[in-house]
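K.L.:
In this note's numbering, the protein residues as written are 135 to 226.
1. Looking at C-alpha atoms only, which residue of 157, 185 and 197 is the closest neighbour of residue 209?
2. Report back the beta-carbon spacing between residue 149 and residue 189 to the nearest angstrom; my notes put them in contact at under 8 Å.
3. Specify whether the segment 166-174 and the segment 190-199 touch according to this definition: at least 3 beta carbon pairs, one from each stretch, less than 8 Å apart.
4. Do you know whose CA, among 156, 212, 179 and 161, lies nearest residue 140's CA?
5. Mind reading off the beta-carbon distance from residue 202 to residue 170? Whole number of angstroms is fine, and I expect it under 8 Å.
6. Let's see if you can read the secondary structure: which residues bound the alpha helix (DSSP H) around residue 208?
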C-alpha cells in the first residue's frame, strides 16, 4: 500500500474528523494518541525536503524511528526520495 498526495489528504481529513470526536471524550491520552496519528499521516504529505524537520518536531521526536520510517515508506514517492539527503538520520 502507498499513498499519493490525494490519498494522504484523504487520510489526514479522516483523522481530523476522528480527532474532533475524540476531543469530546475529554481523554488526554486518547487525544494525544490521535495527535500523534495526525502527525504520522502528515509524513505522507509533507514535501521531502521538510521530512527531517517534521520527524524531529515536538510530536514525533520521541517516537521510535522505526515507526516513523514505516510511515515514510508508505509514500508513493518513497523510492525517489530514499537515497536523498532528505531522509538522512531518519531511515538509517
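Virtual Cβ for every residue (Gly too), placed ideally from N, Cα, C.
Bear in mind that the values here come from a model prediction, so they are computed numbers and not experimental data.
P.N.:
This is what the structure holds:
1. Mapped onto the chain shown, residue 209 falls at position 75. The residue with the shortest Cα to Cα distance from residue 209 is 185.
2. As a first step, residue 149 is located in the chain shown; it is residue number 15 there, counting from the start. As a first step, residue 189 is located in the chain shown; it is residue number 55 there, counting from the start. Actually they are not in contact, since the Cβ atoms of residue 149 and residue 189 sit about 18 Å apart, beyond 8 Å.
3. The segment 166-174 vs the segment 190-199: in contact.
4. Here the question's residue 140 lines up with position 6 in the chain shown. It is 179 whose Cα lies nearest to the Cα of residue 140.
5. What you label residue 202 is simply residue 68 of the chain shown in a count that begins at 1. What you label residue 170 is simply residue 36 of the chain shown in a count that begins at 1. That belief does not hold up - the Cβ atoms of residue 202 and residue 170 are roughly 10 Å apart, past 8 Å.
6. As a first step, residue 208 must be located in the chain shown, where it is residue number 74. Counting along the chain, no alpha helix (DSSP H) covers residue 208, and no H or E run does either.
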